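With this note's numbering applied, the sequence shown covers 2 to 231.
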Amino acid sequence: MANQADSVLRSCDIAGGAYGISRPRQPLVFANVMKKREFLAGAAALGASLPGFAKAPATSGSPATTPLVTISGAIGRHNRGAVDPALDQLFHKQLVKFDAAYALDFGMLTRLPAQTIRPTLEYDARAHTLRGPRLSDVLVQAGVPANPQTQVLLRAIDGYIVATTLAQLREYRFLLATHLDDKPLALGGLGPLWAVYDPAAIPMLAGKPLREQFALCPWGIYHIQINAVS
């Protein structure tokens, strides 16, 4: 994700009609982030600007280990209940609300067909191998509508938000990366999950400065909100 010069989270237009809320340049401390009215108001406004959630009755098996990503909204499968405002503190602080959702653990993700890309990353200007399932394949597991205009909101643990569509996820061939250079992505680094693509394979991004090529790629992604369109 592109570094920003200021510490105020702000919405901004990004390539292809997607948009995001920028993260500050300096490392964030959750205690400070959650106190910022700018962040809370921005996240609430972003969620309110998208259509309401659809309901679906189908359920699926629960993760065997700790869930890494939770998908909510207009989905056809559920394996967990509503947000608990007392114990689901990250959801609660970032104003994420749902009555039911679909959660996936590391095993569920690594059982999906894996793809590999080798982009040059903005952080060290070196090529690295990233591996993981297609993000669109992950969404299929939750019963996400196939409509290309289905709205997808990607949320990272530090509050970075990207709003895009299913069509753009497919066009950019997003991965939900689980591994960097054959090692699991770490919490505290770029993981444990990173929604990422190879900018060199995307004509409208390939010519941009390196620091701008990954603006749609939230690392530390933990929640995906789906909104159906009529």
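Even glycine gets a Cβ: it sits at the ideal position worked out from N, Cα and C. All values reported here derive from a predicted model rather than from experimental measurement.
Alpha carbon of Ala-59 to alpha carbon of Ala-143, nearest angstrom: The pLDDT assigned to Ala-59 is 46, lower than 50, so where the model puts this residue is not dependable, and the model offers no usable value.
Bounding residues of the beta strand (DSSP E) (the contiguous stretch that carries Thr-117): Where Thr-117 is concerned, the enclosing beta strand (DSSP E) stretches over 115 to 118.
Alpha carbon of Gly-82 to alpha carbon of Tyr-161, nearest angstrom: If you take the alpha carbons of Gly-82 and Tyr-161, they lie about 24 Å apart.
List the DSSP bridge partners of Asn-228. Paired residue(s): Gln-152.
Roughly how many whole angstroms lie between the Cα atoms of Gln-169 and Ala-65? Between the alpha carbons of Gln-169 and Ala-65 lies a distance of about 31 Å.
Given 8 Å as the limit, is there contact between the segment 190 to 207 and the segment 222 to 231, that is, 3 or more CB pairs closer than that? Output reads yes: the segment 222 to 231 touches the segment 190 to 207.
Between Gly-133 and Ala-178, which are expected to be in contact by the criterion C-beta below 8 Å, what is the C-beta distance as a whole number of angstroms? A Cβ-Cβ distance of about 4 Å is found for the pair Gly-133 and Ala-178, placing them in contact under the 8 Å criterion.
Could you check whether Gly-77 and Val-139 sit closer than 9 Å to each other, using their CB atoms as the reference points? Their beta carbons are not under 9 Å apart, which means Val-139 does not touch Gly-77 by this criterion.
Among Glu-213, Val-230 and Pro-185, which one has its Cα closest to the Cα of Pro-149? The residue among Glu-213, Val-230 and Pro-185 with its C-alpha nearest the C-alpha of Pro-149 is Val-230.
Quick one: measure Cβ to Cβ for Ile-118 and Leu-131, integer angstroms, because I've assumed they're closer than 8 Å. In this structure, Ile-118 and Leu-131 form a Cβ contact; the two beta carbons are roughly 5 Å apart against a cut-off of 8 Å.
Arg-127 versus Lys-184, Leu-211 and Gly-190, residue with shortest Cα-Cα distance: Sorting Lys-184, Leu-211 and Gly-190 by C-alpha distance to the C-alpha of Arg-127 places Leu-211 at the top.
Locate the beta strand (DSSP E) running through Arg-132, then write down its first and last residues. Residues 131 to 134.
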